[in-house]
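Asker: Quick note, in our numbering, the sequence shown goes up one by one and the last residue is 314.
Input: one structure, supplied below.
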Amino acid sequence: MTAMIALERVSLSYPGGQAWSVRDVSLEVPRGAFFVLIGESGSGKTTTLHLINRLIEPGEGRVLIDGVDARTMDPVALRRGMGFIFQAVGLFPDMSVAENVAITPRLLGWPAEEISKRINALLDLVRLPPAQFRNRLPAELSGGQRQRVGLARALAARPSIMLMDEPFGALDPLTRDDLSAEYRAIHDALGLTTVLVTHDMTEAFLLADLVAVMREGRIVQSGTPRELLAAPADDFVRTLIETPRRRALKLAEAMAIGPGR
Ligand SMILES: Nc1ncnc2c1ncn2[C@@H]1O[C@H](COP(=O)(O)OP(=O)(O)OP(=O)(O)O)[C@@H](O)[C@H]1O
Ligand SMILES: [Mg+2]
54 MTAMIALERV
64 SLSYPGGQAW
74 SVRDVSLEVP
84 RGAFFVLIGE
94 SGSGKTTTLH
104 LINRLIEPGE
114 GRVLIDGVDA
124 RTMDPVALRR
134 GMGFIFQAVG
144 LFPDMSVAEN
154 VAITPRLLGW
164 PAEEISKRIN
174 ALLDLVRLPP
184 AQFRNRLPAE
194 LSGGQRQRVG
204 LARALAARPS
214 IMLMDEPFGA
224 LDPLTRDDLS
234 AEYRAIHDAL
244 GLTTVLVTHD
254 MTEAFLLADL
264 VAVMREGRIV
274 QSGTPRELLA
284 APADDFVRTL
294 IETPRRRALK
304 LAEAMAIGPG
314 R
C-alpha cells in the first residue's frame with residue numbers, strides 16, 4: 054500500500070549552514086500510523102517536519118504525500134491537508150479562543166454558521182467546554198489549555214495528516230500524560246496519520262506505532278517500539294531506549310532507601 058508520507062533520500066543544508074541538517078533521510082509513514090521522531094536537540098527533527106509540509110524544500114531527494122511528489126503539489130493545498138502544531142504553540146494573543154480555532158476555516162471561506170458549529174465541536178473534542186472557553190484570550194488560559202486550543206486549531210479544517218513538534222513539551226508531567234493519551238485517542242477516532250516529534254523516550258514508546266531515532270541529521274534506526282527494544286542498532290539507541298527503564302530503576306532505588314520504608 055502507498056505510504057501516506059514518504060521521504061526518499063532527503064538531504065537539506067540551510068543557506069549558509071555549515072553542515073547537513075538532514076542527511077540522506079528515508080522514511081515511510083503508513084496511512085493511519087502514529088509515527089514518532091525522537092532525537093537530541095539539533096538532530097534535525099523540526100527540519101524534517103518542515104520538509105514534510107514544504108516550509109522548506111529538500112536540497113536532495115523527494116518527499117511523497119500519498120504517493121505524489123510534494124514538489125508537484127500546490128503548497129497551499131498541500132498544507133491545507135495537514136494540521137501543524139509548532140514547538141511553541143503560537144496562538145494569536147489578541148484573538149479569542151474561538152477566533153484562533155477559526156483561522157483556517159475562515160481562510161477557506163466557510164460560512165459563519167458552519168465555522169461556529171465547528172468551533173464548538175472542536176472545543177468539546179479537546180475538552181474545553183465552549184460556553185466557558187470560546188471568548189477567552191490566550192493569556193487567560195493555562196499552558197495545557199493553550200495546547201488544547203492549538204490542537205483544536207490544527208484539526209479545524211479536517212486534515213488527514215497531523216505534524217506535531219513537541220506539542221506537550223512545556224507541560225507538567227500529569228497534564229502531559231493526560232493530553233498525550235487523549236490525543237492518541239483522537240488520532241485513532243479520526244483515522245489521522247500523525248508524525249510527532251519528542252525527545253522523551255517514554256512518551257515515544259507509549260504513543261508510537263513506529264519510532265525513528267535521529268542523530269546528527271540521520272535516521273539511525275526505525276521500527277516498532279518492540280523492535281527497537283529487542284535489537285537497538287547501536288550504543289546510542291541502546292542508551293536512549295534504556296532511559297525510561299533506567300529512571301524507573303533509580304526511582305525504585307530511591308524509594309527503597311527513602312524515609313518511607
Ligand atoms: N533556519 C536555520 N538556519 C540555519 N540552520 C538551522 C536553521 N534551523 C535549524 N538549523 C540547524 O539545523 C540543525 C537541525 O535543527 P532542528 O531545528 O531540525 O533540530 P531539532 O532536532 O528540532 O532540535 P530541538 O530538539 O532542539 O528542537 C541544527 O544544527 C540547527 O542549528
Ligand atoms: Mg525542534
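Virtual Cβ for every residue (Gly too), placed ideally from N, Cα, C.
Since we're looking at a predicted model, the values are computed, not measured.
Can you tell me whether DSSP reads Ala286 as helix, strand or coil?
Answerer: Along the sequence shown, one-based indexing puts residue 286 at 233. Reduced to three states, the DSSP call for Ala286 is coil.
Asker: Give the secondary structure of Leu333 by DSSP, where H, G and I count as helix, E and B as strand, and everything else as coil.
Answerer: Here the chain comprises residues numbered 54 to 314, so residue 333 is not present and cannot be evaluated.
Asker: Ligand 1: which residues have Cβ under 5 Å from any of its heavy atoms, chain order?
Answerer: Cβ atoms closer than 5 Å to ligand 1 belong to Tyr67, Gly70, Ser74, Ser94, Gly95, Ser96, Gly97, Lys98, Thr99 and Thr100.
Asker: Would you give the residue range spanned by the alpha helix (DSSP H) that Asp230 belongs to?
Answerer: Within the sequence shown, the letter at position 177 stands for residue 230. From DSSP, the alpha helix (DSSP H) with Asp230 extends over Pro226 to Leu243.
Asker: Between which two residues does the beta strand (DSSP E) containing Ala123 stretch?
Answerer: Here residue 123 refers to the residue found at position 70 of the sequence shown. It is not in any beta strand (DSSP E) - Ala123 carries neither H nor E in the DSSP assignment.
Asker: Just to confirm, is the Cβ distance from Asn173 to Ser149 under 7 Å?
Answerer: Working through the sequence shown from its first residue, we reach residue 173 at position 120. Working through the sequence shown from its first residue, we reach residue 149 at position 96. Cβ atoms of Asn173 and Ser149: not closer than 7 Å.
Asker: Is Gln140 a contact residue of ligand 2, with contact defined as CB to any heavy atom under 6 Å?
Answerer: Residue mapping note: residue 140 aligns to position 87 of the sequence shown, counting from 1. Under cutoff, so the answer is yes.
Asker: Let me confirm a value: Val82 is counted as buried when at least 16 other C-beta atoms fall within 10 Å, else exposed. Which label applies?
Answerer: Residue 82 sits at position 29 when you count from the first residue of the sequence shown. Val82 is buried by the Cβ-count criterion.
Asker: Can you confirm whether the stretch 85-99 touches the stretch 249-259 when touching is taken to mean that 3 or more C-beta pairs between the two stretches lie within less than 8 Å?
Answerer: Segments in contact, yes.
Asker: Which of the three DSSP states is assigned to Ser97 in this structure?
Answerer: Along the sequence shown, read from residue 1 onward, the residue named residue 97 stands at position 44. The identity of residue 97 in the sequence shown is Gly, whereas the question assumes Ser. It is coil, neither helix nor strand.
Asker: Here's the rule I'm using: 16 or more other beta-carbon atoms within 10 Å means buried, otherwise exposed. How should Gly203 be labelled?
Answerer: The residue labelled residue 203 in the question sits at position 150 within the sequence shown. Buried, since its Cβ has 16 or more Cβ neighbours within 10 Å.
Asker: Name the two residues that bound the continuous alpha helix (DSSP H) containing Ile368.
Answerer: Here the chain has residues from 54 to 314 only, and residue 368 is not among them.
Asker: Quick check: Pro278 and Ala301, are their CB atoms within less than 7 Å of each other?
Answerer: Here residue 278 refers to the residue found at position 225 of the sequence shown. Here residue 301 refers to the residue found at position 248 of the sequence shown. Going by C-beta atoms, Pro278 is not nearer than 7 Å to Ala301.
Asker: What is the DSSP secondary structure of Leu80, reduced to helix, strand or coil?
Answerer: As a working note, residue 80 is residue 27 in the sequence shown. It is a strand residue.
Asker: Looking at C-alpha atoms only, which residue of Pro183, Phe258, Lys303 and Ala265 is the closest neighbour of Ser79?
Answerer: The residue labelled residue 79 in the question sits at position 26 within the sequence shown. The shortest Cα separation from Ser79 among Pro183, Phe258, Lys303 and Ala265 belongs to Ala265.
Asker: What are the partner residues of Thr255, as DSSP defines its beta bridges?
Answerer: On the sequence shown, residue 255 is found 202 positions in, with the first residue counted as 1. Beta-bridge pairing links Thr255 to no other residue.
Asker: From the DSSP output, read off the bridge partner residues of Leu117.
Answerer: Position 64 of the sequence shown, counted from the first residue, corresponds to residue 117. Leu117 is bridged to Ala59 and Asp122.
Asker: Tell me whether the beta-carbon of Gly114 lies closer than 7 Å to the beta-carbon of Ser64.
Answerer: Here residue 114 refers to the residue found at position 61 when the sequence shown is read from its first residue. Here residue 64 refers to the residue found at position 11 when the sequence shown is read from its first residue. Taking 7 Å as the Cβ cut-off, Gly114 and Ser64 qualify as a contacting pair.
Asker: Within 10 angstroms of its Cβ, does Ile310 collect 16 or more other Cβ (buried), or is it exposed?
Answerer: Residue mapping note: residue 310 aligns to position 257 of the sequence shown, counting from 1. The residue is exposed, with fewer than 16 neighbouring Cβ atoms inside 10 Å.
Asker: With a 10 Å radius around its C-beta and 16 neighbouring C-beta atoms as the bar for buried, classify Arg314 as buried or exposed.
Answerer: Here residue 314 is taken as the residue at index 261 of the sequence shown, counted from 1. Caution is warranted here: a pLDDT of 48 is assigned to Arg314, below 50, making its placement in the model unreliable, and the coordinate value is therefore given only provisionally. Exposed.
Asker: Note down, in chain order, each residue of its chain lying with its Cβ closer than 6 Å to the Cβ of Arg237, except the 5 sequence neighbours on either side.
Answerer: Taking the first residue of the sequence shown as position 1, residue 237 is located at position 184. Once the five neighbours on either side are set aside, the close Cβ partners of Arg237 are Leu260.
Asker: With a threshold of 8 Å, are at least 3 pairs of Cβ atoms found where one atom belongs to the stretch 267-287 and the other to the stretch 109-129?
Answerer: Contact fails: fewer than three Cβ-Cβ distances are below 8 Å.
Asker: Under a three-way DSSP split, which group does Arg314 fall into?
Answerer: Against the sequence shown, residue 314 aligns to sequence position 261. Note that Arg314 scores 48 on pLDDT, short of 50, meaning its location in the model is unreliable and no value can be drawn from it.
Asker: How about Leu216 and Phe139: do their beta carbons lie closer than 7 Å?
Answerer: For the purposes of this step, residue 216 is taken as residue 163 along the sequence shown, with counting starting at 1. For the purposes of this step, residue 139 is taken as residue 86 along the sequence shown, with counting starting at 1. No; because the gap between Cβ atoms is not below 7 Å, this pair is not in contact.
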